[in-house]
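Participant:
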Amino acid sequence: MKKNNPLHPFASKKDARTALNQSNAARVVAQFNINRRYKRTASEKKAYKPGNIGPSVIATAIKEHYGRIIPRRSRKYIAKVGGQPVPKFYS
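Residues in the sequence shown are numbered from 19 upward in steps of one, following our numbering.
1. For Ala97, report the span of its alpha helix (DSSP H) as first-last.
2. What first and last residue would you give for the alpha helix (DSSP H) that runs through Thr78?
3. Does Arg35 come out as helix, strand or coil in the three-state DSSP assignment?
4. Look at the alpha carbon of Lys31 and the alpha carbon of Asn39, and state the distance between them as a whole number of angstroms.
5. Tell me whether Arg54 sits in a helix, a strand or coil according to DSSP, three-state version.
Right, dumping it as structure tokens:
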């Protein structure tokens, strides 16, 4: 193969493989730099501290309407023993 042939720009398959590996490595580095370039801006919200938020309005309303929220297994047991189904809550 000739070096100046436009259809075969590489002198050998080894040179072509080396160029391919280098181009793949360059592509990986470029992708890494693109993803790293944009950072998130700092949040303006105050940081959450556990325990400073009470139950939400929705959770309070659910508890008032349905009583306490119990698991399905407990609801089935209460319905079986008491004979009256427990109202279901669907979120």
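Glycine is no exception: its CB is placed at the ideal position from the N, C-alpha and C atoms.
Since this is a predicted model, take the numbers as computed values, not measurements.
Facilitator: With the structure as the only source:
1. Mapped onto the sequence shown, residue 97 falls at position 79. That run of the alpha helix (DSSP H) goes 90–100.
2. The residue given as residue 78 occupies position 60 in the sequence shown. Its alpha helix (DSSP H) spans residues 75–84.
3. The residue given as residue 35 occupies position 17 in the sequence shown. Reduced to three states, the DSSP call for Arg35 is helix.
4. As a working mapping, residue 31 is identified with position 13 in the sequence shown. As a working mapping, residue 39 is identified with position 21 in the sequence shown. Distance between the alpha carbons of Lys31 and Asn39 is about 12 Å.
5. Position 36 of the sequence shown, counted from the first residue, corresponds to residue 54. Helix, per DSSP.
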